[in-house]
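Chains as they are written, first to last, in the working numbering: chain Z, 153 to 655; chain R, 398 to 727.
Even glycine gets a Cβ: it sits at the ideal position worked out from N, Cα and C.
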Amino acid sequence: MKRREIIRLREITKSFPGVKALDKVDLSVFEGEVHVLLGENGAGKSTMMNIICGNYQPDGGDIYWNGELTQFQTPRIAQEAGVGIVHQENSLLPHLDIKSNIFLGHYPKTVLFLNQRSIEKQSRELLRKLGLENMDANDYVERLSLADKQMVEIAKAISISPKLLLLDEPTAALTKTEIDILFNIIRKLKSEGVGIIYISHRLEEVFQIADRVTILRDGVRVLTKPVEEMNIDSVILNMVGRNLDKQKKELDSTQDQSYDKEVLLQVEKLSAKGRFHDINLKLHRGEVLGIAGLVGAGRSELLESIFGYTGYDDGEIFIKGKKERIKHPKDAIRNKMALIPEERKVKGLFLNASVKDNINLVTIGRNKKRLLLDDKKQRDTANQYVERLQIKTPSIDKRIQDLSGGNQQKAILARWLLSNPEILLLDEPTHGIDVGAKGEIYQIIRDLKKAGIGIILVSSEMPELILMSDRIAVMNNGELSGKLRKEEITEENIMMLAAGVSL
Amino acid sequence: MVKDLVLDRNTGKNEEKKQVKWYKKITQFEEFGILIALIVICAIIAIANPIFLSFGNIMNVLMQISLVSIMAVGAAFVIITGGIDLSVGSSLTLGGVLAATFYSLGFNPWIALFLAVLMGSFVGAMNGLLIVKLNINPFITTMAMASVIKGLAYLITGGMPLSFNTEINFLGGGTFFSIPVPVIIMLIIILFGHVLLTKTIFGKYVFAVGGNEKSAKLSGVDVHLTKIKVYSLLGALGALAGVITACNLRIADTAAGNGREMDVIAAVVIGGASLSGGKGSIKGVLIGAAIMGVIRNGFVLLRLSSYLQLISIGAVIVIAVAIDQLRKKK
């Protein structure tokens, strides 16, 4: 029996200045089907999503909705037709409560005033349907954890009873249990006949949830196949167009587990009220110190305090054995520290500025020629690092917001490598980045380690931590719950400590 | 192999870039749109009344925009950091009043000028301090500061104009090779502002703070100090404009700066700066001030009602920002 097609996109083409984001891409979704869209960053997945939900208009190609030729000129029109979307980046309004966020844009029509009670009731039902009974519909979104926000985002998308649901990396911020909850929701929606387009970087998920898989590479559709005919290796091969295994083996063979005895950074009894408590850490020359923990365990907060972005209330920081007061990031930079923050767009990038200015900011003082800045020096430096880190951009004058996530991240890395750091703090450096760019960033970390830089790596991806770290410190609820030497590092040990169980 | 691929792609794009370079340079010049607008407006007025293009009239227009331009250079820095300053008109008033007061106390007029500008920068720094240390919204802070400064000026003068008849009056009323001195001061300040904004570390920090405050701080930029500096710069330029006004009128009047802040902000905004920060230029400021000056002058030359002039200036502000938004969408 042939199921009905909800949407069919035919030869969709879309260009941005300097980039062809999509080139004649076909995609279709049947009732009750989960269609997974895969591809490296910059492959065109998000552009595709934005076209389906009416955010972008395609330059060419047709959209058939329920078999009829349609145009989604605005997100509103797409929404009314039955397209629900969960965005990659948080689109919730922090100062409103959960129920208002869910119903924003489609409040039940009333004559004069909103019927708050009915909204609350409907929200609660929706949350129950999602298995989120513990959430209060009157809670303000700003007080929710990243994972809970993501769940509210999903509730919001489902509240319009969509016929087609778009999920753009919904699991990026979720833990294992929450992912299970999400997958149950997806299965339920499937059984109700909802079609789902699902974007993810976590390949193992694909095989748990997909019916069909479409792989994009550089804006072109590489293949569409039922998931039974695929395996992880063939998926990666088609996404990247090269064999990742080889790269991994190369990494393993060059892996140098030893590190110097010299202590670069020592943190003693560091505490900050409400964020973390009594943290003791040592980072050696040429060491990668992993920090594991669940979302909200205080890992990012710790890094930001060490770097002087947010202060600390108690404790001491020693750099190469010398006590230093780090009150502002400029103090940290003076002490040869660098921080690549977690939320690229919020804390790393100057979206409106050029690639050149983004790369040069920290070390701008080096481009001085007498009193004034020398543009040529800035251009030379930027070009040099664009080449060295293989940042894909048509020119260094391009605004950085037009680059893909992986290339933006490499630009931020370039900014900090320029400052010749000895201590590098990495906060989820591969978050939302495709497999290919991930490999490149791992290689850069290896090279830096070999060059004697001490690296603290905060990551939520277990394989990444295990692969990269010489030692791992695990945080739970703002405290250090344990430290693991190389030979003690296993997934089980990390999970136990992260959950607050002592070994 | 992968490396080769990437390199090939890069070089391909570089060649493409070279071919379209001259064309790109013209249309991607940020102020292209408003420059065309300025030229069109000038052309229309010149056709309707050729006197518009006479040397005397051009100097007249430049003279009229000189004070607003001087202040708008400082306001551009403030607006690019994402701030706003409603107290610059009052700074102008205070600058004139202080210079006249110091002069009447027996100071050398040059010293009086210097002290007035210094006080202006101090008042601006106070704005900045309140904004960053107490975390008060700049709109509110500077609105309150405007009231305080104006009150101070009234306290000093008792509401009466102070005479300012000195050997530095040429700064407001003199000419140099038949170019009015205020116009020359304006050109110097614009050049100074342009270099400061585009060719110094401070300028890069100003853009960084307005572009993304969190990223700027994490990149080691002293966000607080940068903000204090921009408000201080604007305060100083406001006071300088005040002294030039007093030099020109030979009196320091407590009403001299009334409402001038709106012209200043309008010039910056027409010039392409974004009130949300991170974007703007001194070239744009000059063009923005010139558009307003030319329209005012045109209405006089064409003997149109001055009420119509107010309406059209408002329309220009909206059109300039709208065009900018449309360009962004493309």
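- Assignment of alpha helix (DSSP H) within the segment 585-618 of chain Z, counting only whole runs of 4 or more residues, yields 587-602 in chain order.
- Note that the C-beta distance between Ala195 of chain Z and Arg451 of chain Z is not below 8 angstroms.
- Taken through DSSP and simplified to helix, strand or coil, Met382 of chain Z comes out as coil.
- One alpha carbon belongs to Gly677 of chain R, the other to Ile477 of chain R, and they sit about 6 angstroms apart.
- Those residues of the segment 660-685 of chain R placed with their C-beta closer than 7 angstroms to a C-beta in chain Z are Gly675, Lys676, ordered along the chain.
- Interface flag for Lys499 of chain Z against chain R is set, since a Cβ pair is found closer than 8 angstroms.
- Annotated as proximal: Val238 of chain Z and Asp320 of chain Z, with beta-carbon spacing under 8 angstroms.
- A residue is called buried when at least 16 other Cβ atoms come within 10 angstroms of its Cβ; Val437 of chain R does not meet this threshold and is exposed.
- According to the DSSP assignment, Thr554 of chain R belongs to the alpha helix (DSSP H) that extends over 535-554.
- Considered as a whole, the segment 425-501 of chain Z harbours 428-436, 440-444, 466-471, 474-476, 489-492 as its complete beta strand (DSSP E) runs of no fewer than 3 residues, in chain order.
- For Ala687 of chain R, the closest Cβ of chain Z is not nearer than 8 angstroms.
- Residues Ser506, Val507, Lys508 of the same chain have their beta carbon placed closer than 8 angstroms to that of Asp549 of chain Z, with the five preceding and five following residues left out of the count.
- Judged by their CB atoms, Ser709 of chain R and Ile692 of chain R are nearer to each other than the 8 angstroms cut-off.
- The beta carbon of Leu526 of chain R does not come within 8 angstroms of any beta carbon belonging to chain Z, so the residue lies off that interface.
- Burial state of Gln302 of chain Z is buried, judged by a 10 Å Cβ sphere holding 16 or more other Cβ atoms.
- Contact with chain R is found for Val514 of chain Z, since one of that chain's Cβ atoms lies less than 8 angstroms from the residue's Cβ.
- When the beta-carbon positions are compared, Ile624 of chain Z and Ile646 of chain Z come within less than 8 angstroms of each other.
- Residues of the segment 474-506 of chain Z with a C-beta atom less than 8 angstroms from some C-beta of chain R are His480, Pro481, Lys482, Ala484, Ile485, Leu491, Pro493, Val498, Lys499, Gly500, Leu501, Phe502, Leu503, Asn504, Ala505, listed in chain order.
- Contacts with chain Z (Cβ-Cβ distance below 7 angstroms) from the segment 605-629 of chain R involve Ala605, Gly608, Asn609, Lys611, Ser612, Lys614, Leu615, Ser616, Gly617, Asp619, listed in chain order.
- Nearest to Ile720 of chain R by alpha-carbon distance, out of R:Val666, R:Ile444, R:Thr563, is R:Val666.
- In this chain, the alpha helix (DSSP H) harbouring His621 of chain R covers 620-646.
- Taking CB atoms only, Thr597 of chain R has a neighbour in chain Z less than 8 angstroms away.
- Counting only residues of its own chain and dropping the five nearest sequence neighbours on each side, Lys590 of chain Z has a CB closer than 6 angstroms to the CB of Thr582.
- Around the beta carbon of Asp214 of chain Z, fewer than 16 other beta carbons sit within 10 angstroms, so the residue counts as exposed.
- Against chain R, the CB of Asp509 of chain Z has a partner CB under 8 angstroms away; the residue lies at that interface.
- Taking C-alpha positions only, Asn446 of chain R is separated from Ile598 of chain R by approximately 46 angstroms.
- Out of Z:Lys434, Z:Val188, Z:Gln268, Z:Ile458, the CA that lies nearest to the CA of Glu380 of chain Z is found in Z:Val188.
- Just so you know, the alpha carbons of Tyr411 of chain Z and Ile367 of chain Z end up roughly 40 angstroms apart.
- The beta carbon of Thr323 of chain Z sits closer than 7 angstroms to those of Ile331, Leu334, Ser352, Arg354, Glu357, all from its chain and outside the five residues before and after it, given in chain order.
- Its Cα nearest to that of Met456 of chain R, the residue R:Phe574 stands out among R:Phe574, R:Val475, R:Ser484, R:Ala440.
- Looking at the DSSP output, Ser560 of chain R bridges to R:Ile648.
- For Phe567 of chain R and Gln536 of chain Z, the gap between their C-alpha atoms comes out near 52 angstroms.
- With a beta-carbon spacing of about 7 angstroms, Val465 of chain R and Arg657 of chain R fall inside the 8 angstroms limit used to define contacts.
- In this chain, the alpha helix (DSSP H) harbouring Thr329 of chain Z covers 328-343.
- Fewer than three pairs of CB atoms, one per stretch, sit closer than 8 angstroms, so the segment 599-610 of chain R makes no contact with the segment 552-567 of chain R.
- Contact between Ile648 of chain R and Ser463 of chain R does not hold, since the beta-carbon distance rounds to 19 angstroms and is not under 8 angstroms.
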